[in-house]
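The numbering of the sequence shown is this note's numbering, which starts it at 1 and goes up by one.
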Amino acid sequence: MDEEDRTDKISEAASEGADAVGGAVDGARESTAVRAVARAGFIAVGAIHLLIGVIALRIALGESGQADQSGAVGQMAATPVGGVLLWAGLIACGALALYMASDAVMGWSGSRTSKKLEKRIRAAGQAVVFAVSAVTFGSFAVGHPSNSSEKSRTVSAGLMSNPAGTVLLVVIGAALIGAAVTYGVLGITRKYEKNLRGHPHGALGTTFTVLGVVGYCAKGVALGAVGLLILVATFAHDPSQQGGLDAALKAFRAQPFGVVVLAGVGVGLIAYGIFSLFRSRYQRL
């Protein structure tokens, strides 16, 4: 067998292997059980946003708290059924992250190339978001809770120690501000409904729409605040100013009418959390 024949056989075997993996992934994606677990991921993420919103409201009223993912999951862990909630959140968010990752890798059929690329990038971003939630649930479940604020400062300090890392932080900050604008536009125009397979009828449907609009806009404000804080900390070369969502939300209190803004964002994040509970049923997967 010459070298060309050997190469052809290797390529053929690789292609068959890829097809087999693709077929297995497609089969898993169509499984009712897999879809049910993945949809439960929206419930877990919704609960996180709801709790972050509640904590933000408490901070606006002068109480203490950690208004980020770690703070929210920590509150779940402190409940009598905390252990069950943590493992359930880990499994659900992990399944949803894998589901989105498969979308990013396998792509969509029947769409224009530009649309496929756009959807793959969006799915990859969502996969990362849900994976981070899964890791947070997992860290608390195994008894080694993570602190989002401290982790943000540590990572920022490491990146600021070299020029390439500083550039990366600027890119991340700008990307978050871009994502904030996207969330705001999706909320105002209700384009997020394109990803839904339906919605409730009557008064419940109206409530669902209001929750979506308010929630998406509030999520945009929160992301924009985080992105802006990253840029400020990076240009000041001061990682202590960077503390993720918790620091970004608390920074509102130092601004004129900041308490009102923080309370509004808190209410909006609660709305987004409740909306995500609806998404577990109506989101198109």
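Every residue gets a Cβ at the ideal spot worked out from N, C-alpha and C, and that includes glycine.
(request) Would you identify the three-state DSSP class for Leu285, choosing helix, strand or coil? (result) Walking along the sequence shown from the start, residue 285 turns up at place 285. The answer is coil: DSSP assigns Leu285 none of H, G, I, E or B.
(message) Suppose contacts are defined by Cβ-Cβ distances below 8 Å. Is Val45 in contact with Ser276 by that definition?
(response) The residue you call residue 45 lines up with position 45 of the sequence shown. The residue you call residue 276 lines up with position 276 of the sequence shown. Yes, the Cβ-Cβ distance between Val45 and Ser276 is below 8 Å.
(request) Would you list the residues sitting across from Leu196 in a DSSP beta bridge? (result) In the sequence shown, the residue the question calls residue 196 occupies position 196. Note: Leu196 sits in a beta bridge opposite Gln283.
(request) Can you say whether Leu117 is buried or exposed, counting buried as having 16 or more other CB atoms within 10 angstroms of its CB? (result) For the purposes of this step, residue 117 is identified with residue 117 of the sequence shown, where counting begins at 1. Under this definition Leu117 is an exposed residue.
(message) Short of 7 Å in beta carbon distance, which residues of its chain neighbour Arg35, apart from the five on each side in sequence? Order them along the chain.
(response) Mapped onto the sequence shown, residue 35 falls at position 35. Within its own chain, the residues whose Cβ lies closer than 7 Å to the Cβ of Arg35, once the five positions on either side in sequence are excluded, are Leu285, listed in chain order.
(message) Please list the terminal residues of the continuous alpha helix (DSSP H) segment that includes Ser102.
(response) Position 102 of the sequence shown holds residue 102. Unbroken alpha helix (DSSP H) run through Ser102: Gly82 to Met106.
(message) For His49, tell me which candidate among Leu269, Phe278 and Arg279 has the shortest Cα-Cα distance.
(response) Translated into positions along the sequence shown, residue 49 becomes position 49. The alpha carbon of His49 has as its nearest neighbour, out of Leu269, Phe278 and Arg279, the alpha carbon of Leu269.
(request) Quick one: residues in its chain with C-beta nearer than 7 Å to the C-beta of Ala77, no 5 flanking neighbours on either side, listed in chain order? (result) On the sequence shown, residue 77 is found 77 positions in, with the first residue counted as 1. So the qualifying residues of the chain are Leu86 and Phe140.
(request) Just the C-alpha distance for Thr32 and Ala40, rounded to the nearest angstrom, thanks. (result) For the purposes of this step, residue 32 is taken as residue 32 along the sequence shown, with counting starting at 1. For the purposes of this step, residue 40 is taken as residue 40 along the sequence shown, with counting starting at 1. Between Thr32 and Ala40, the C-alpha separation is close to 12 Å.
(request) Identify whether Val265 lies in helix, strand or coil by the three-state DSSP scheme. (result) Numbered from 1 along the sequence shown, position 265 holds the residue referred to as residue 265. Residue state, collapsed to three classes: helix.
(message) Beta-carbon within less than 8 Å of Ala247's beta-carbon, same chain only, minus the 5 sequence neighbours each way: which residues are those?
(response) Here residue 247 is taken as the residue at index 247 of the sequence shown, counted from 1. The answer, listed in chain order, is Ser149, Ser152, Leu229 and Gln241.
(message) Contact defined as beta carbons within less than 8 Å: I believe Gly227 pairs with Leu176. What is the distance between those atoms, to the nearest angstrom?
(response) Mapped onto the sequence shown, residue 227 falls at position 227. Mapped onto the sequence shown, residue 176 falls at position 176. Contact between Gly227 and Leu176 is confirmed by a C-beta separation of about 3 Å, below the 8 Å threshold.
(message) Taking its Cβ as the centre, do 16 or more other Cβ atoms sit within 10 Å of Ile37, making it buried, or is it exposed?
(response) Residue 37 sits at position 37 when you count from the first residue of the sequence shown. Position check: residue 37 holds Val in this sequence, whereas Ile was assumed. It counts as buried.
(request) Taking 8 Å as the threshold, find out whether the segment 86 to 106 comes into contact with the segment 57 to 68 through three or more Cβ pairs. (result) At 8 Å Cβ cutoff, the stretches do not touch.
(request) In the DSSP assignment, find the alpha helix (DSSP H) that holds Thr79 and state where it starts and stops. (result) For the purposes of this step, residue 79 is taken as residue 79 along the sequence shown, with counting starting at 1. Careful: Thr79 lies outside any alpha helix (DSSP H) and carries neither H nor E.
(message) Just verifying my parser: in three-state terms, what is the DSSP assignment at Gln241?
(response) Walking along the sequence shown from the start, residue 241 turns up at place 241. In this structure, Gln241 counts as helix in the three-state DSSP scheme.
(message) Please list the terminal residues of the continuous alpha helix (DSSP H) segment that includes Gly165.
(response) Translated into the one-based positions of the sequence shown, residue 165 becomes position 165. Segment Pro163 to Thr189, the alpha helix (DSSP H) holding Gly165.
(message) Please state the DSSP three-state secondary structure of Ser276.
(response) In the sequence shown, the residue the question calls residue 276 occupies position 276. DSSP places Ser276 in helix when its eight states are reduced to three.
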